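Chains as they are written, first to last, in the numbering used here: chain P, 5 to 357; chain U, 165 to 983.
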Amino acid sequence: MLPITKKAGLIAALLMISSIQPGTALAFDNPINIAASPSKLGANSALLASAMAGSRIVAVGSRGIIIYSDDVGATWKQASVPAGSDLVSVSFPSAKKGWAVGHGGVVLHSVDGGSTWVKQLDGIQAADLTVRYYQASTAPDAAALVEREKSLQAGGGTQPLLDVYFESDTTGFVVGTFNRIFRTEDGGKTWTPWMERTDNPGELHFYSIRGRAGALYLTGEQGAVWRFDKASQRFIAAPTPYKGTLFGLVVIDSDAVLAFGMRGSLYRSSDQGRNWEKVPLGTPAGITGGTVLPGGGILLTTQAGGVNISRDGGKHFQPVKTSRPMAYFGLAPMDDKKIVLVGAEGVRLESIQ
Amino acid sequence: MDLSQNQPQMAVISDPKDFDNRSGSLLERLIFNNRGLLVLCCAILTAFFAFQLRDMTVSASFDKMLPHGHPYITNYLENREQLRGLGDSVRVVVENPKGDIFNADYLATLAKINDEIFILKGVDRAWMKSIFTPVVRWVEVTEEGFTGGPVLPNDYDGSAKSIEDLRINIGRAGVVGSLVGNNYQSSMIQIPLLAKDAEGKSVDYHQLSASLEQIRAKYASGPDAPVKIYVIGFAKLAGDLIDGLEKVMVFFLIAAAIATFIIYLFTRCVRSTSLVLACSLVAVVWQLGLVVSFGYGLDPFSILVPFLVFAIGISHGAQKMNGIMQDVGRGTHKLVAARYTFRRLFLAGLTALLADAVGFAVLTVIDIPVIRELALTASVGVAVLITTNLILLPVLLSYVGVSPKAASRSLKEETEEIKGRGFGVVWSALDHFTERRWATIAIAVSVVLGVFGFVVSHDLKIGDLDAGAPELRPDSRYNQDNAFITANYGISSDVFAVMVKTPPDSCRSFETLTEADRLSWELAQVPGVQRTTSLADTVRNYTAGGFEGNPKWITVSDNQSLIDAQIGNAMSWNSEFLNTQCSLIPVLAYLSDHKAETLDRVVEAASQFAAKHDTADRKFLLAAGSSGVDAATNIVVREANRTMLLYVYASVILLCAITFRSWRAVVVAVLPLVLTSVLAEALMVWLGIGVKVATLPVVALGVGIGVDYALYLLSVQLAQQRMGYSLGEAYKRSVAFTGKVVALVGVTLAAGVITWAWSPIKFQADMGILLTFMFLWNMLGALILIPALSHFLLQGETTRKHDMSPAEKALMPEEALQN
């Protein structure tokens, strides 16, 4: 046998075995490694997040589904996606460049407005990267972070990424479970763990990261919110009085911010998270998404199919009627009057009066 | 045997003393010289079999309708016990026709119905679910963890406040679409059934179905009833089928009445009519008695056999009568006439019955127990007929005789017919078909019909085409209930299940769940699949529930500990999506219909997936669920339909070849049958009947029994031709002697099965219509096409000198043999 690489040898061995047992798959393909299967059901299946890539609507969801529409939602195409993992979040800082993250710790990247995607990172690579990074790091808690990551690795599986936020075509964050946060400054070519830069001793899960007008926040379990402090280049704790998980947040301006979670829990701070006030929304349903319209209106969606709007910077909300409610998981504004809603039954466009 | 020797043996003998008891075959002597003993034996046997009938059971076993040899069915039967979600259950929906369910009166009625169902025999009480049973709980994630309780508030007292609490709990429990209708106007009681009751007996579907009907009658009858009740489920369907069978038994009386009427018209003799009727009934009693003795019962298929046995018995009996009447009319003593008739017709009857038996026998090639049982019981029936109608009937006739008036009338009629008067007008019209012009027209019309039928029959579908339970009519109560429940609850009654099999405790692995999820997603892409679901969906939702309902956690995590917790929940909440060993998980696809194309597409997608993803430890086994069974049945039926046509035609051709010893005659005999088969398929297309388990026997019976006509007509015609008569003359004589018999057989057979068209069981109705069509059309085909085809193919037979085979002779009436 010619000297061949380890990988090629393995493939050769697999081929030999498979020729003995034709038709019998020998290995299990992890969804992080194989392309999402083509489906006509994308626009009607569970979608977790949506974003505008210029005038194009892009939505991501379960089983590596990414769909896009160039005609205001009339027709949808499925993007070519190299992973079949459940995707939970998408961010397009510009019309062409976008990132999507999800389970399996995958980070997917598109440079053509969402038509085709490549995998930049997955949970296995991220764990290796984290271990290597902190082994070489001189940060005071580097050794503990190495230990922590190794113990997660030993537990098997991967750690999911639960949100992505890019402030520009080059710079952005991905966040996930157990204090997991990575930053890139080169459009995702390289990722740097920022786990030592969070005030998160409990290693709580991060559920969302959003920025606007120079402000940047994280939300997570146990009512936790963190504000990015430019001076110290750290995420410092800005906790709410709430005890449950905060699913997401809406950054209104440089000072005002909303954080929301299960059972209609909604908190507002007008001083960068130093003080929080509960905003009554009048629903027992979990709040799953929020956004700021170009005209300044703030929209929130709930799992019970509710959409609520605030015209006063998030102090008061009124329900908005939608034509065909479903359990909403997220939304994105197309313009001041039109929004893209995603949820359990796919994607729907609605007008806001 | 020489004809001149035959003649004196059949001389008119008015006194039995003048008759030589030693004449005739050994069999004849054995029978008629011991006729007292024979009658006694038959009486004892009849009494015995009639006594056996007390054990007769009427059942509708679905297992017997499954093609057991097909791998899908093998897989299904092997794993059936494990498939909880596909298990035996009944769903009862109680609707408030005047508003929504949040009404004190409605809820009070529902509570009573719920309690009455709860105590029914066979109900698996622990798992009965409704908004009134404590196992139905609401669970909510709060910041502090899970909270919950039964959907029915513990302090429920029918007050406005407790109804409001109930309303909230229903919302929280997420039971809308499963236990509460989508429009909130009805609620469902899900009733899982025990495989075996406390005494170890399996559930009596008929009794359960009747009890549910009693409940329906009690609460939901009349226009002012406070509620409407809808019931579906396997047990109800089986109960309805059994009810239908009991109705079909009444049809037997109608068929018997029609047959009696026809026979009476034919003989105009009460004595002989009663005798034919009695012998045919004796045949039915023996046949049923034997079936019971073998340990079988009546099912929707085998109930066909008594009808056929009766009809065939009547038509053979009538032929016997015909012979005896004429002999008696000429002045022969009844005993001698009976012996003459036996002598003439025993072999002919035997040949015809054997042809029928061939039709039944080829049915055994189909690997479906009901069909095999049908074949077996029908063969038994035919064997019984040989005794009762070929032997017992002439013997009884030798005692009873016929009314002299009818006898002389019969003789006169016969003579007139031969002269072309009376009914003879019809027969002489048929003679024209031996002439070139009429023959050409008849054949041209047949070719046009054949081509038309062939083109139409290309649209012939495999399987059942109507919505709902195909066993019953689309407008039956059951199917209306089914349509209501399908429309108001998110369920389809057409479920295709792939079983994912792993070693014990391995169904929980990330790999298995991911593969199940992939299969589910793959099947969801297939057109005609409305929705798919599997344990993976349960795990997805439970995982999200474990993370405070956060939709970002709607996933099958690759962290095994996250999955394990959800599997534990699924187990303790009695999930239908895994077995207790965690070694089997069904992936369910709910289909929009059970049309063959839909099933084919699903089977194709599932098999491809299985071929690609099967490993040593993880097998994707097709197929369970109603649609899985349908798919397997379709595959078997499609195959069997071809094989059976091949076999039945091969055997009919062989039988004809032996009888006629001429390939041309075989062509003449078989082509009309082919036309009937083609037109029957066109009729199926036109009536929207697909090829299915029930239509398979029809094809075989239609051809197997249909060839009788050709056997009668052609054998006489050929004999005449071979005696030197021209084709026209030969056919004329043939039709004069046998035309009436052919018509009689056709009409009595059709009369025997036509009543089925009104059966509440859809497939029986389909069988009735098709069989009637085939029996009648084969008769017409024989009377018209045999002379027409003979014109082109059998002219030559006249000049050919040939000795008749005994079989041929046997088929000839005595008169035809007289020059």
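We put the beta carbon where it would ideally sit given N, CA and C, even for glycine.
These figures come from a predicted structure and were not determined experimentally.
Between the CA atoms of residue 701/U and residue 730/U - distance to the nearest angstrom: 11 angstroms
CA-to-CA distance, residue 375/U to residue 727/U, given in whole angstroms: 43 angstroms
Short CB-CB distance (under 8 angstroms) between residue 533/U and chain P: no
Interfacial residues, the segment 247–278 of chain P to chain U, with Cβ spacing under 9 angstroms: 247, 248, 249, 251, 265, 266, 267, 269
Within chain P, the residues that residue 235/U reaches when beta carbons sit closer than 7 angstroms: Residues of chain P passing the Cβ test: none, with the nearest at roughly 15 angstroms.
Contact belief for residue 395/U with residue 757/U at Cβ below 8 angstroms, rounded distance in angstroms: Not quite, the Cβ-Cβ distance comes to about 22 angstroms (not below 8 angstroms), so this is no contact.
Among 223/P, 96/P, 66/P, 151/P, nearest to residue 82/P - alpha-carbon criterion: 66/P
Chain P contacts from the segment 692–726 of chain U (Cβ-Cβ distance under 9 angstroms): 704, 711, 712, 713, 714, 715, 716, 717, 718, 719, 720, 721, 722, 723, 724, 725, 726
7 angstroms Cβ cut-off: residues of chain U touching residue 44/P: 689
Cβ pair residue 950/U, residue 878/U closer than 8 angstroms: yes
Burial state of residue 332/U (16 or more Cβ within 10 Å): exposed
Spatially closest choice to residue 884/U from 534/U, 859/U, 960/U, 858/U, by CA coordinates: 960/U
Positions along the segment 101–124 of chain P whose CB lies within less than 7 angstroms of some CB in chain U: 107, 108
Environment of residue 608/U [buried if 16+ CB atoms lie within 10 Å]: exposed
For residue 575/U and residue 493/U, believed in contact at Cβ under 8 angstroms, the rounded distance: 3 angstroms
Chain U residues whose Cβ lies nearer than 8 angstroms to that of residue 307/P: 713, 715
Assigned secondary structure, residue 321/U (DSSP; H/G/I helix, E/B strand, else coil): coil
Any C-beta of chain U under 8 angstroms from that of residue 333/P: yes
Inter-residue CB distance, residue 926/U and residue 600/U (contact presumed, cutoff 8 angstroms): Residue 926/U to residue 600/U, Cβ: 46 angstroms. No contact.
Touching by the beta-carbon criterion (3+ pairs, under 8 angstroms), the segment 668–682 of chain U and the segment 266–285 of chain U: no
Close beta carbons around residue 734/U, own chain, < 8 angstroms, minus the five adjacent residues each side: 699, 702, 703, 706, 741, 742
Segments assigned beta strand (DSSP E), at least 3 residues, entirely inside the segment 367–401 of chain U: 392–397
Nearest candidate by alpha-carbon position, reference residue 784/U, set 662/U, 227/U, 541/U: 662/U
Which of helix, strand or coil DSSP assigns to residue 209/P: coil
Limits of the unbroken beta strand (DSSP E) element including residue 302/U: 301–306
Residue range of the beta strand (DSSP E) that includes residue 697/U: 693–697
Residues bridged to residue 354/P (per DSSP): 343/P
Amino acids of chain P, ordered along the chain, whose beta-carbon sits closer than 8 angstroms to that of residue 686/U: 41
Exposed unless 16 or more other CB atoms sit within 10 angstroms - verdict on residue 293/U: buried
Residue closest to residue 506/U, alpha-carbon to alpha-carbon, out of 525/U, 793/U, 480/U, 523/U: 480/U
Exposed unless 16 or more other CB atoms sit within 10 angstroms - verdict on residue 881/U: buried
Below-8 angstroms beta-carbon distance, residue 307/U vs any chain P residue: yes
Per DSSP, cross-strand counterpart(s) of residue 256/U: 353/U, 395/U
Three-state secondary structure assigned by DSSP to residue 281/U: helix
Neighbour flag for residue 755/U against chain P, beta carbons, 8 angstroms: no
Closest by C-alpha distance to residue 262/P, when choosing among 239/P, 291/P, 286/P: 291/P
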